[in-house]
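Student:
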Amino acid sequence: MTVNVIGLGYIGLPTALMLAAHGTRVVGTDLNSKLVKKLKEGRLDFEEDGLAELFSKAVNNHIEFSTDYQKADLYIIAVPTPYSKRNKKVDAAYVVKAVESVIDICNKGSIIVVESTISPGTIDRHIRPMLARKGLQCGIDIHLAHAPERIIPGNMICELENNNRTIGADEKYIGDKVKALYLTFCKGQIVVTDIKTAEMTKVVENTY
211 MTVNVIGLGY IGLPTALMLA AHGTRVVGTD LNSKLVKKLK EGRLDFEEDG
261 LAELFSKAVN NHIEFSTDYQ KADLYIIAVP TPYSKRNKKV DAAYVVKAVE
311 SVIDICNKGS IIVVESTISP GTIDRHIRPM LARKGLQCGI DIHLAHAPER
361 IIPGNMICEL ENNNRTIGAD EKYIGDKVKA LYLTFCKGQI VVTDIKTAEM
411 TKVVENTY
């Protein structure tokens, strides 16, 4: 399986490195050309305990970095979702744009996993209508899933490996495929559910 991780920030980069270090073929994509150049040169943009060692393992397993979206079997969307203090809402514009860019180049039947923090109903309100406008159907042309990230800067590597995860998907077999991918590195319990429930778990956790 080939995975294209979109967004190489505090969530996307460690996730891409973890997958590559454990044997998955990974291309990390970010529109920040300076960041991509730095990663290609073997330099990290931020420090984190264990990140340098993980980076080295991923490079040895031929991880690639690019500013272009790639043909892949599965896409992980890990772009920022800024929080507006004015209206107290999460801005999903970057997520929608990333998904739109993916479906412009991906093969029929590809899986798109949103890891970015989003509010409940975001996929129904923004992602599905955008797919419909492009004449695509969920479960046929594109498979959607949501696996909310659960890591905090300062302890990323440990939490990536050990935290429990929730994966929401329209079809259980797609959820199981995504689960199998995360199980290549995750030692925590992974529960497969529907997308709305997965969206809600992140809200409950953040509230707690």
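Residue numbering for the sequence shown follows the working numbering, starting at 211 and increasing by one per position.
We put the beta carbon where it would ideally sit given N, CA and C, even for glycine.
Only a predicted model underlies this, so the values are computations on that prediction, with no experimental measurement involved.
Under the three-state reduction of DSSP, which class applies to Ile293: helix, strand or coil?
Tutor: It is Tyr, not Ile, that sits at residue 293 in the sequence shown. Note: Tyr293 maps to strand in three-state DSSP.
Student: Do you know how far the Cα of Glu310 is from the Cα of Lys267?
Tutor: The straight-line gap from Cα to Cα measures roughly 31 Å.
Student: Determine the extent of the beta strand (DSSP E) in which Ile384 is found, giving its start and end residues.
Tutor: No beta strand (DSSP E) contains Ile384, which is instead part of the alpha helix (DSSP H) from 382-392.
Student: Report, in whole angstroms, the separation of the C-beta atoms of Arg360 and Glu369, which I expect to be a contact under 8 Å.
Tutor: That pair is a contact at about 7 Å.
Student: Do you know offhand how far Thr403's Cα is from Thr376's?
Tutor: Using only the alpha carbons, I get a separation of about 7 Å.
Student: Just the Cα atoms here: how many angstroms apart are Gln347 and Phe265?
Tutor: Going by the C-alpha atoms only, they are around 37 Å apart.
Student: For Thr291, which residues in the same chain have their Cβ closer than 7 Å to its Cβ, ignoring the five residues on either side in sequence?
Tutor: Contacts found: Val300, Asp301, Ala302, Tyr304, Val305, Ser326, Thr327, Ile328.
Student: Would you give the residue range spanned by the alpha helix (DSSP H) that Ile321 belongs to?
Tutor: From DSSP, Ile321 is part of no alpha helix (DSSP H) but of the beta strand (DSSP E) over 320-324.
Student: Per DSSP, what kind of secondary structure is Thr239 in: helix, strand or coil?
Tutor: Three-state DSSP puts Thr239 in a strand.
Student: Can the beta-carbon of Ile405 be found less than 8 Å from the beta-carbon of Leu354?
Tutor: Result yes, Cβ atoms of Ile405 and Leu354 sit closer than 8 Å.
Student: With burial defined as no fewer than 16 other Cβ atoms inside 10 Å of the residue's Cβ, what is the status of Leu393: buried or exposed?
Tutor: Flag for Leu393 reads exposed.
Student: Using the Cβ count rule (16 or more neighbours within 10 Å means buried), how would you classify Val236?
Tutor: By the 10 Å Cβ count, Val236 comes out buried.
Student: Quick one: which unbroken alpha helix (DSSP H) runs of 4-plus residues sit fully inside the region 260-312? Chain order, please.
Tutor: Complete alpha helix (DSSP H) runs here, min 4: 261-270.
Student: Below 8 Å on the Cβ atoms is my contact criterion, and I expect His356 with Gly331 to pass it. Report the Cβ-Cβ distance as a whole number of Å.
Tutor: So it is not a contact: roughly 11 Å between Cβ atoms.
Student: Within this structure, are the beta carbons of Lys281 and Ile333 separated by less than 8 Å?
Tutor: No, the pair does not count as a contact, with Cβ atoms beyond the cut-off.
Student: Going by the beta-carbon positions, is the gap between Ile384 and Ile352 smaller than 8 Å?
Tutor: Not closer than 8 Å, so no.
Student: Considering just the uninterrupted stretch of the alpha helix (DSSP H) at Leu218, what are its terminal residues?
Tutor: Element bounds for Leu218: n/a, residue is neither H nor E.
Student: Mind checking whether Glu263 and Met366 have CB atoms under 8 Å apart?
Tutor: For Glu263 and Met366, no; Cβs fall outside 8 Å.
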